[in-house]
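Residues 346 to 608 (UniProt numbering) make up the sequence shown, in order. No residue lacks a Cβ here, since even glycine has one placed at the ideal position from N, Cα and C. Fair warning: this is a prediction, and the values are worked out from it, not measured in the lab.
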Amino acid sequence: LKASFTVVLDENDQFAGLISVISDITEEEKIERERREFVSNVSHELRTPLTTMRSYLEALGDGAWKNEEIAPQFLQVTQNETERMIRLVNDLLQLSKMDQKEQDILKERVNVVPFFHHVLDRYEMNKEETVRIDRTIPKESIFLWLDKDKVIQVIDNVMSNALKYSPEDGTIRFKVTKERKRVKIMIQDEGPGIPQEKVDKVFDRFYRADAARSRKLGGTGLGLAIAKEIVENHQGHIWAESIEGKGTKVFFTLPLIGRKRGG
Ligand code: ADP
């Protein structure tokens, strides 16, 4: 939206009022601007790991390779950066497929009660993890139409943030509530939270509430954007609520299978 203001004066040149005109910038302009921002973001995201790798490789080439203590550390850095770039390119490819609607969503009728338990069991298999996962999932069956792999990815993207930002020995709550027409899933952590003015933006591509921290934790800035795309493809919604210092809650909904009329 573009807003312009005109001050209106009365016959004595005294302030009489304000006329504001709010106009929509055209859809085309907006798409074009977003496209340019996206290309610029992608370039930046790729340049950062590449320049890091270049300086470490240069140092190795200049003799650091002979130092038995430093060399493995430097190689580890280049390996981490390479892995981040691979994750980034994979995420980008996935977004691009979803943008072109070329990716099929393979929806099937799924009882999400055992499905969610199964998805969460995977995290508990990881013995190195010190964070506890507390589940509240209804006992009775709930059937939804969904693409299982895609919904697993939504949960993975949200859970991986919750795990990354959780304090050691923290608890993550995973709560499923059946509402009248939809199922609501909440994933809550006890991490640092997200400042109020940023909490809606975290679903934008490449948006990071805390850029340095995200990069340090190996993030691509695309996880929640992908989750949003998938949830919306399932006619659901995704949002976050957070209190700084107290933790973050991410919610998403998936519609229940409608009951046939007259049945
Ligand atoms: P990233 O790869 O950076 O984690 P995401 O799209 O998954 O990208 O998340 C976007 C940003 O939202 C993150 O960089 C982080 O600042 C913020 N964020 C997401 N989840 C949480 C959370 N559970 N606690 C605190 N901040 C979070």
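Residue i: CB within 7 Å of a non-hydrogen atom of the ligand ADP
i	result
Val-547	yes
Asp-479	no
Ala-557	no
Arg-429	no
Asp-501	no
Arg-518	no
Asn-386	no
Thr-393	no
Tyr-468	no
Arg-378	no
Arg-527	no
Gly-564	yes
Leu-601	no
Whole-angstrom distance between residue j and residue i, CA atom to CA atom
i	j	result
Ala-570	Val-544	13 Å
Glu-485	Val-458	7 Å
Lys-442	Ile-367	35 Å
Ala-554	Lys-546	8 Å
Val-464	Ala-348	47 Å
Glu-473	Asn-425	20 Å
Ala-507	Gly-592	9 Å
Tyr-552	Gly-603	35 Å
Val-503	Leu-433	17 Å
Arg-525	Leu-489	13 Å
Asp-534	Ile-482	17 Å
Pro-600	Lys-523	10 Å
Glu-379	Glu-413	47 Å
Ile-530	Asp-436	23 Å
Asp-494	Glu-390	27 Å
Arg-454	Leu-440	25 Å
Asp-358	Glu-373	41 Å
Val-352	Asp-369	21 Å
Ile-406	Phe-460	As written in the sequence, residue 406 is Gly, which differs from the Ile given in the question. Approximately 51 Å between the Cα atoms of the pair.
Tyr-401	Arg-518	40 Å
Neighbour-count burial assignment, residue i, 16 or more Cβ in a 10 Å radius
i	result
Phe-419	buried
Pro-394	buried
Phe-597	buried
His-579	buried
beta-carbon residue i near the ligand PLP non-hydrogen atom, thresh 7 Å
i	result
Pro-537	Of the ligands this structure carries, namely the ligand ADP, none is the ligand PLP.
Cutoff 8 Å; reference residue i; Cβ partners in own chain excluding five residues on either side
i	result
Asp-355	Ala-361
Ile-588	Gly-538
Gln-498	Ile-571, Ala-572, Ile-575
Ala-416	Leu-405, Ala-409, Trp-410
Chain-order list of residues whose beta-carbon lies under 7 Å from that of residue i (same chain, five-residue window excluded)
i	result
Phe-548	Leu-569, Ala-570, Lys-573, Ile-583
Cβ neighbours of residue i in the same chain (closer than 6 Å, five flanking residues each side left out)
i	result
Asn-386	Phe-551
Ala-557	none
_My parser needs the beta strand (DSSP E) runs of 3 or more residues fully inside the region 512-585; what are they?_
516-523, 527-533
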